[in-house]
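K.L.:
Count the sequence shown with numbering that gives the first Met the number 0 and you get residues 0 to 431, in order.
Just so it is clear, CB atoms sit at the ideal spot from N, CA and C, and this is done for glycine as well.
Right, I'll just put the structure down here and ask away after.
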Amino acid sequence: MVLPRHTYQQAALSGYTGHPEPDPAAGQSCGGDRIHRPGRPESGSAGHQINQPFDRWEVTMKTLKRACPYSLWEIDAIEGWLDDMATRGYLLQEHKGGQFVFCKTEPQNARHRIDVLEDQYANTKVRREEYRDFGWEHVTDFSEHLDIYRAAREDAVELNTDEEHLRLALKKAQRRNWAIYLFLCLLCAVPIVWMVVMYVQHGIYYSLLTRPLVKLFSLPLLFVYIAFVFFAEYRAYRQLKRRTLLERTHHTRQREKAGYRTKRWTVALHLLFYLSLFLAPFSSQFGIGEPMDVPEDAYRVYSAPELMPEGGSDDALDGVIHYHHGLSEEYTWSQRGDTRYVHSYQVTVYEARWDWLARRYAEEQARLSGAETLHIPGHEGAWFYEGVPPMFIYQDYRPADKQNVVLLDGNRVVEIRYEGDADLKAAALAMN
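Next comes the structure, spelled out in structure tokens:
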């Protein structure tokens, strides 16, 4: 941000005409330019006390890395935080890898200011030389639009003196970042929208019943992460609009702790989401099943020879596969229903964790397929429909007259899919 006209007039009235002369005997502090303060003349000085070095800052170098507890555009709070860190004995050295690097010094009062660049391609070298002439040293870049300066003199001319001009520059510099932020939100929203569409078409309870726990958590985690970050940024933006930036009173150590808590939650949600994505391929529902470890008689009633002997074969109930899901156990097998297809008779049994989940799933499948309600003794619910099941809506089934029956009994849901000439509906109604 270019200094307002009255700032240059203030500099002229103060009698300051340029940056201090270098002192070869004084060394550097914290890897940057020398810091000066008025007060105590060096030996042999003619009494000019303005350009004396902070010799008490020349201590053994120790560094501390800290993330910024505030949002990127809360420049008044960041300035106050950097000043507060200096009073604790940590002087800003650089901004690197998303963290601020501080060097250990003696506690002192320092004045930091953030310069907002409206144009990221501005001539920053000339700009920094101008600010050096007015008593400010460039410390580090915070972003492509934000430069951090520290007063090299206690009587250094104030950089930001016009609230309206500062907010205007901040608004212009924010546009590109807000565009990037919205693009990332939309990018993250794409898988959410896709999953929601798939859940609506295939059924939400189908996803709950047949997905591993890792996959069940990934979508809610992504939604919570986006909502949490958006709320935190929006709250910071609203607070920024309501306060006066030039007062620089927003930073407190209590707000600093709250900011770090928000950062920790953001990082935790971020890591949990990516962990769920990493583990999802290893817990696919299409993984290797296990041989069924329950008695065969428990499912014999649903086998082809038992349910429809006139259209089935004498295939024994073997080859039953057991899949572990997050909220259910799945048992599935295929048999020869007639001579047309080798696997024309398929049965899938879901043992849900709770009765309500099984009931909601069965009712959902019946609703999505437009099924006809049946009354079969010994079952809480039964439905019949023809066509492709909702979960296989995108798969190519050769027969158009596929018959399906859905049976509900407590926490058990049985789905029978048959392709053949026999009447599956009549066979289901004849069940004992």
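#1: Nearest by alpha-carbon distance to I225: which of Y205, L181, A421 is it?
#2: In the structure shown, what three-state DSSP assignment does C67 receive?
#3: For C184, which residues in the same chain have their Cβ closer than 8 Å to its Cβ, ignoring the five residues on either side in sequence?
#4: With DSSP as the reference, please indicate the residues paired to I147 in a beta bridge.
#5: Per DSSP, what kind of secondary structure is K170 in: helix, strand or coil?
#6: Is there contact here, the segment 297 to 307 with the segment 345 to 357, by at least three beta-carbon pairs under 8 Å?
#7: Three-state secondary structure (DSSP) at Y360?
#8: Between which two residues does the alpha helix (DSSP H) containing S327 stretch?
#9: Opposite H269 in the DSSP bridges: which residues?
#10: Put A429 into one of helix, strand or coil per three-state DSSP.
#11: DSSP state of G369, grouped into three classes?
#12: Could you compute how far the alpha carbon of E371 sits from the alpha carbon of Q402?
#13: Taking the Cβ atom as the reference point for each residue, do A381 and V412 lie within a distance shorter than 8 Å?
#14: Just tell me which of I179, A155, H111, L145 has its CA closest to the CA of A168.
#15: Helix, strand or coil, according to DSSP, for Q107 in the structure here?
#16: Let me make sure I understand the geometry here. Which of L428, W332, S302, R263 has the alpha-carbon closest to that of Y69?
#17: Assuming the contact rule is C-beta atoms closer than 8 Å, R247 and G79 should be a hit. Round their C-beta distance to whole Å, please.
#18: Classify D75 as helix, strand or coil using the three-state DSSP reduction.
#19: For the candidate residues Q200, S206, Y204, D114, whose alpha-carbon lies nearest to that of H164?
#20: Considering only C-alpha positions, which residue in the set P389, L423, E418, N410 is nearest to V404?
#21: From the DSSP output, in three-state form, read off Y298 for me.
#22: Quick test of the definition: if touching needs 3 or more C-beta pairs under 8 Å, does the segment 151 to 163 touch the segment 130 to 142?
#23: Pick from L406, E329, A351: whose alpha carbon is nearest that of G377?
#24: Would you give the residue range spanned by the alpha helix (DSSP H) that V125 belongs to?
#25: With H, G and I counted as helix, E and B as strand and the rest as coil, what does DSSP make of E157?
#26: Is D354 helix, strand or coil by DSSP?
#27: Could you have a look at G419 and say whether DSSP puts it in helix, strand or coil?
#28: List the DSSP bridge partners of H323.
#29: Would G369 pass as a contact of L215 if the rule is Cβ separation under 8 Å?
#30: Measure from the alpha carbon of L91 to the alpha carbon of each residue in Y148, S327, N159, then state which is nearest.
#31: Please state if the CB of Y204 and the CB of R359 are separated by a distance shorter than 8 Å.
#32: Looking only at its own chain, which residues have a Cβ that is under 6 Å from the Cβ of Y301, when we skip the five neighbours before and after it?
#33: Please tell me whether L245 and N159 are closer than 8 Å, where the distance is taken between their beta carbons.
#34: Under three-state DSSP, which class holds A25?
#35: Would Q440 be called buried (16 or more neighbouring beta carbons within 10 Å of its own) or exposed?
#36: Helix, strand or coil, according to DSSP, for R411 in the structure here?
P.N.:
The answer reads as follows:
#1: Stepping through the sequence shown from its first residue, residue 225 is reached at position 226. The candidate whose alpha carbon is nearest that of I225 is L181.
#2: Residue mapping note: residue 67 aligns to position 68 of the sequence shown, counting from 1. In this structure, C67 counts as coil in the three-state DSSP scheme.
#3: Position 185 of the sequence shown, counting from 1, holds the residue named residue 184. If we look at C184 and ignore the five residues flanking it on each side, its Cβ neighbours are I225, F229.
#4: As a working note, residue 147 is residue 148 in the sequence shown. Partner(s): I113, T139.
#5: The count along the sequence shown starts at 1 and reaches residue 170 at position 171. Three-state DSSP puts K170 in a helix.
#6: yes
#7: Taking the sequence shown and counting its residues from 1, one reaches residue 360 at position 361. Correct three-state label for Y360: helix.
#8: Residue numbering aside, residue 327 sits at position 328 when the sequence shown is read from its first letter. Premise fails: S327 lies in the beta strand (DSSP E), 327 to 334, not in any alpha helix (DSSP H).
#9: Numbered from its first residue, the sequence shown carries residue 269 at position 270. DSSP lists no partner for H269.
#10: The count along the sequence shown starts at 1 and reaches residue 429 at position 430. A429 falls in the coil class under three-state DSSP.
#11: By one-based count along the sequence shown, residue 369 stands at place 370. DSSP places G369 in coil when its eight states are reduced to three.
#12: As a working note, residue 371 is residue 372 in the sequence shown. As a working note, residue 402 is residue 403 in the sequence shown. Roughly 12 Å between the two C-alpha positions.
#13: Taking the sequence shown and counting its residues from 1, the one referred to as residue 381 is at position 382. Taking the sequence shown and counting its residues from 1, the one referred to as residue 412 is at position 413. No, Cβ-Cβ distance for A381 and V412 is not below 8 Å.
#14: The sequence position of residue 168 within the sequence shown is 169, counting from 1. Of the candidates I179, A155, H111, L145, the one whose C-alpha sits nearest the C-alpha of A168 is L145.
#15: Locating residue 107 in the sequence shown gives position 108, where the first residue counts as 1. Coil at Q107, not helix or strand.
#16: One-based indexing of the sequence shown puts residue 69 at position 70. Measuring from the Cα of Y69, the nearest candidate turns out to be R263.
#17: Along the sequence shown, one-based indexing puts residue 247 at 248. Along the sequence shown, one-based indexing puts residue 79 at 80. Yes, R247 and G79 are in contact; Cβ-Cβ is about 5 Å, under 8 Å.
#18: For the purposes of this step, residue 75 is taken as residue 76 along the sequence shown, with counting starting at 1. Helix at D75.
#19: In the sequence shown, counting from the first residue as 1, residue 164 sits at position 165. Nearest of Q200, S206, Y204, D114 to H164, Cα basis: D114.
#20: By one-based count along the sequence shown, residue 404 stands at place 405. Nearest of P389, L423, E418, N410 to V404, Cα basis: L423.
#21: Position 299 of the sequence shown holds residue 298. Coil.
#22: yes
#23: The count along the sequence shown starts at 1 and reaches residue 377 at position 378. The shortest Cα separation from G377 among L406, E329, A351 belongs to L406.
#24: As a working mapping, residue 125 is identified with position 126 in the sequence shown. First-last of the alpha helix (DSSP H) with V125: 123 to 132.
#25: Looking up residue 157 in the sequence shown gives position 158. Note: E157 maps to coil in three-state DSSP.
#26: For the purposes of this step, residue 354 is identified with residue 355 of the sequence shown, where counting begins at 1. DSSP places D354 in helix when its eight states are reduced to three.
#27: As a first step, residue 419 must be located in the sequence shown, where it is residue number 420. G419: coil per DSSP, three-state reduction.
#28: Residue numbering aside, residue 323 sits at position 324 when the sequence shown is read from its first letter. Paired residue(s): E328.
#29: What you label residue 369 is simply residue 370 of the sequence shown in a count that begins at 1. What you label residue 215 is simply residue 216 of the sequence shown in a count that begins at 1. The answer is no: Cβ separation not under 8 Å.
#30: As a working mapping, residue 91 is identified with position 92 in the sequence shown. Out of Y148, S327, N159, Y148 has the C-alpha closest to the C-alpha of L91.
#31: To locate residue 359, count along the sequence shown from 1; it is residue 360. To locate residue 204, count along the sequence shown from 1; it is residue 205. Result yes, Cβ atoms of R359 and Y204 sit closer than 8 Å.
#32: Against the sequence shown, residue 301 aligns to sequence position 302. V346, V413.
#33: To locate residue 245, count along the sequence shown from 1; it is residue 246. To locate residue 159, count along the sequence shown from 1; it is residue 160. Yes, these two residues count as a Cβ contact at 8 Å.
#34: Stepping through the sequence shown from its first residue, residue 25 is reached at position 26. Note that A25 scores 38 on pLDDT, short of 50, meaning its location in the model is unreliable and no value can be drawn from it.
#35: Here the chain has residues from 0 to 431 only, and residue 440 is not among them.
#36: Residue mapping note: residue 411 aligns to position 412 of the sequence shown, counting from 1. Strand at R411.
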